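Q:
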Amino acid sequence: MDRIVNSRASADAPLRTAVIVGSTREGRGGAAIAQWFAECSRQEAALELDVIDLAEFSFPQRYPRRATPAMLDFSKRVDRADAFVVVTPEYNHGYPASLKQAIDYCCDEWFAKPVGFVAYGTAAQGLRAVEQLRQVFNALHTVTIADVVSFNRFDGSLGDDGRPRDTEAAGIAVRRMLAQLTWWARALRAARAELPFAA
Ligand SMILES: Cc1cc2nc3c(=O)[nH]c(=O)nc-3n(C[C@H](O)[C@H](O)[C@H](O)COP(=O)(O)O)c2cc1C
Numbered sequence: 231m232d233r234i235v236n237s238r239a240s241a242d243a244p245l246r247t248a249v250i251v252g253s254t255r256e257g258r259g260g261a262a263i264a265q266w267f268a269e270c271s272r273q274e275a276a277l278e279l280d281v282i283d284l285a286e287f288s289f290p291q292r293y294p295r296r297a298t299p300a301m302l303d304f305s306k307r308v309d310r311a312d313a314f315v316v317v318t319p320e321y322n323h324g325y326p327a328s329l330k331q332a333i334d335y336c337c338d339e340w341f342a343k344p345v346g347f348v349a350y351g352t353a354a355q356g357l358r359a360v361e362q363l364r365q366v367f368n369a370l371h372t373v374t375i376a377d378v379v380s381f382n383r384f385d386g387s388l389g390d391d392g393r394p395r396d397t398e399a400a401g402i403a404v405r406r407m408l409a410q411l412t413w414w415a416r417a418l419r420a421a422r423a424e425l426p427f428a429a
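Reading the sequence shown from the start, the letters are residues 231 to 429 in this note's numbering.
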C-alpha cells in the first residue's frame with residue numbers, strides 16, 4: 231500500500247527537464263531559441279527546468295583520463311534530469327561537435343529517459359542533425375521523441391530577436407512535443423523506480 235501511495239506521489243512530482251543548448255559558436259542563434267523555448271515550456275507544463283548551456287562549461291580539449299570538475303558538473307545535471315530537450319543547429323548535415331563532446335561525458339546518466347529536440351538551420355530546419363542524434367541517443371538507451379520543434383533561421387520565420395514570429399504555430403509545436411516528452415518521462419521515471427534499468 232505504502233509503495234502504491236509513494237509511486238503516486240512521485241508520479242505527480244514536477245519532471246526535472248534539462249534543456250541542453252548544443253551550440254557554443256560565437257554569435258550563435260541557439261541561445262535565443264533556447265531561451266524562447268524555456269519560457270514557453272515554463273508556461274505549458276509542470277516541468278522543473280534546468281537550462282544546461284554548453285557554452286558555460288570549460289570542457290577539456292582532449293578526453294582526459296579523469297573527469298574534470300566541468301565534466302562532473304555536467305554529468306551530475308544529466309543524472310538529476312528525468313527528461314531532456316536538446317536544442318541543436320545543423321552543421322554540414324550533422325550536429326555540432328560541442329554536443330557530441332558533452333553527450334560522451336555521460337553514460338548511464340542518460341539511460342531510460344526521453345529526449346526531445348528543438349532544431350534549426352537553413353531549409354532542412356536542423357532535422358538532419360536530429361536524425362543523427364537519434365542514432366547516438368539510441369546507443370544510450372534513451373527514447374527519442376518523434377515530433378520535433380524546428381525552424382529555418384533564414385526564411386524570416388524568426389524575428390530580429392531570434393525568436394519565432396508566429397508564436398501560435400510555434401507554441402502548438404512545443405505543446406505537441408512536450409506532451410510526448412512528459413508522457414515518456416512519467417512512464418520511464420515510474421519504471422526506473424520500480425526496476426533498475428537492464429543495460
Ligand atoms: C559550420 C557550419 C555548417 C553549417 N551547415 C549547415 C547545413 O549543413 N545545413 C543547414 O541547414 N545549415 C547549416 N549551417 C547553418 C546553421 O544551421 C545556422 O547558421 C545556425 O544558426 C547555426 O547555429 P548557431 O548559430 O546556434 O551556431 C551551418 C553553419 C555552420 C556554422
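Here a beta-carbon is modelled for each residue, glycine too, at the ideal position from N, C-alpha and C.
Since this is a predicted model, take the numbers as computed values, not measurements.
Closest to Thr438 by C-alpha separation, out of Pro290, Ser380, Arg255 and Arg307, would be which residue?
A: Only positions 231 to 429 of the chain appear in the structure, and residue 438 is not among them; the question remains open.
Q: Report the rounded CA-to-CA distance for Tyr293 versus Glu256, giving the unit in angstroms.
A: 23 angstroms
Q: Are Ala311 and Ala248 closer than 8 angstroms when you measure CB to CB?
A: yes
Q: Spell out the partners DSSP gives Ser380 in its beta bridges.
A: Ala349
Q: Between Gln410 and Asp377, which are expected to be in contact by the criterion C-beta below 8 angstroms, what is the C-beta distance as a whole number of angstroms?
A: Contact between Gln410 and Asp377 holds: CB atoms are separated by about 6 angstroms, below the 8 angstroms threshold.
Q: Assuming the contact rule is C-beta atoms closer than 8 angstroms, Arg422 and Ala342 should be a hit. Round their C-beta distance to whole Å, please.
A: About 5 angstroms; that satisfies the 8 angstroms criterion.
Q: Name the two residues that bound the continuous beta strand (DSSP E) containing Ala313.
A: Ala313 to Pro319
Q: Excluding five sequence neighbours on each side, which residues of the same chain lie with their C-beta closer than 7 angstroms to the C-beta of Trp413?
A: Taking C-beta separations shorter than 7 angstroms and ignoring five residues to either side along the sequence, Trp413 has no partners in its chain.
Q: Using the beta-carbon count (16 or more within 10 Å), is Leu363 buried or exposed?
A: buried
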